[in-house]
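S.K.: Numbering (the numbering used here), first residue to last: 6 to 275. Beta carbons are placed, not taken as given, at the ideal position from N, Cα and C, and that holds for glycine.
1. Ends of the alpha helix (DSSP H) at residue 113?
2. For a test of your reading of the model: does the CB of residue 23 fall under 8 Å from any non-hydrogen atom of the ligand ATP? Yes or no.
3. Are residue 157 and residue 131 touching if we call contact CB-CB under 9 Å?
4. Hey, how far is the Cα of residue 208 from the Cα of residue 185?
5. In whole angstroms, what separates the C-alpha of residue 87 from that of residue 112?
6. Does the separation of the CB atoms of residue 258 and residue 183 fall below 9 Å?
7. Work out the CA separation of residue 92 and residue 195 for me, nearest whole Å.
8. Run through the region 42 to 73 for me and flag every whole beta strand (DSSP E) of 3 or more residues, listed as ranges in chain order.
9. For residue 190, count the other beta carbons within 10 Å of its own beta carbon; 16 or more makes it buried, fewer makes it exposed. Which is it?
10. Three-state secondary structure (DSSP) at residue 228?
11. From residue 24 to residue 240, what does the alpha carbon distance come to, in whole angstroms?
12. Counting only the same chain and skipping the five closest in sequence on each side, list residues whose C-beta sits under 8 Å from that of residue 67.
13. Is it a yes or a no for the region 48 to 60 touching the region 69 to 78, going by three-plus beta-carbon pairs under 8 Å?
14. With distances taken from CA atoms, which of 39, 118, 213 is nearest residue 145?
15. Strictly by DSSP, which residues pair up with residue 99?
16. Taking only the alpha-carbon atoms, compute the straight-line gap between residue 44 and residue 82 and give it to the nearest angstrom.
17. Cutting at 7 Å between CB atoms, please list the residues of its own chain near residue 210, excluding the five before and the five after it.
18. Alpha helix (DSSP H) containing residue 143: first to last residue?
19. Rounded to whole angstroms, what is the Cα-Cα separation between residue 110 and residue 231?
20. Our contact map puts residue 26 next to residue 14 with C-beta atoms below 8 Å; I'd like the distance itself, whole angstroms only.
21. Can you find the residues in the same chain that come closer than 6 Å, C-beta to C-beta, to residue 57, ignoring five residues on each side of it along the sequence?
22. May I ask you to report which of helix, strand or coil DSSP gives residue 136?
23. Along the chain, which unbroken stretches of the beta strand (DSSP E) at least 3 residues long are found entirely within the region 159 to 209?
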């Protein structure tokens, strides 16, 4: 039986746990949660999983196939030593931002199988983007199993160079905030143009939501979809002249992602 240990059951950890169980990938008795906060541990226990306050309660012969670490990056050094006893037979999965594979290897050993991931906030509702990197100790079979677990939270893509995790952080990790700000800006533009704010918010939010769903479900590229909406000398063309003229928006996004990428590199010190 494939046992999974989930270390940390806050919002992201709980959403993942619920996704695994709802999808039928795991049964409750296959999952053990380690969560020191009483209310969070009790919430996990309502799903029927085993729940403990700390790693010392885990049996030595538990033999978890996967140990998924969903704790804050700054406490990782305090958390990992308790799981060294499982390093030989388990694949460790991290969803903590900025924590490099090298830190896991430092505490668990260089032969430990480790997968580093960077999810984004929509993963909490099953609509996320999760980018993964695995070290050479992870088997293809275990990587596929981890992908199956992660896909309950959204789309999954793998990179073969750990440095690209920082790029993913700048694009999809931070990306929801860029979209939220676009909604804010489109709302303000609508208010300035004369709409009542509540209506402006609805128009902006639903437009972004609908366009995103269409782009994700269509066989056409975003470029083709944009062209389909843009009639020559029409209203959309007039607006795109402002956004696309001299590549203004593209240049701005390139600068924004560059800045986020550089900051991700600076912060990756755990």
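M.R.: Taking the definition as stated:
1. 106 to 113
2. Among the ligands in the structure shown, none appear at all, so the ligand ATP cannot be discussed.
3. yes
4. 14 Å
5. 9 Å
6. yes
7. 55 Å
8. 55 to 57
9. exposed
10. helix
11. 43 Å
12. 8, 10, 37, 91
13. no
14. 118
15. 74, 121
16. 24 Å
17. 188
18. No alpha helix (DSSP H) holds residue 143; DSSP gives it neither H nor E.
19. 46 Å
20. Contact flag wrong, Cβ pair sits at about 13 Å.
21. 39
22. strand
23. 159 to 163
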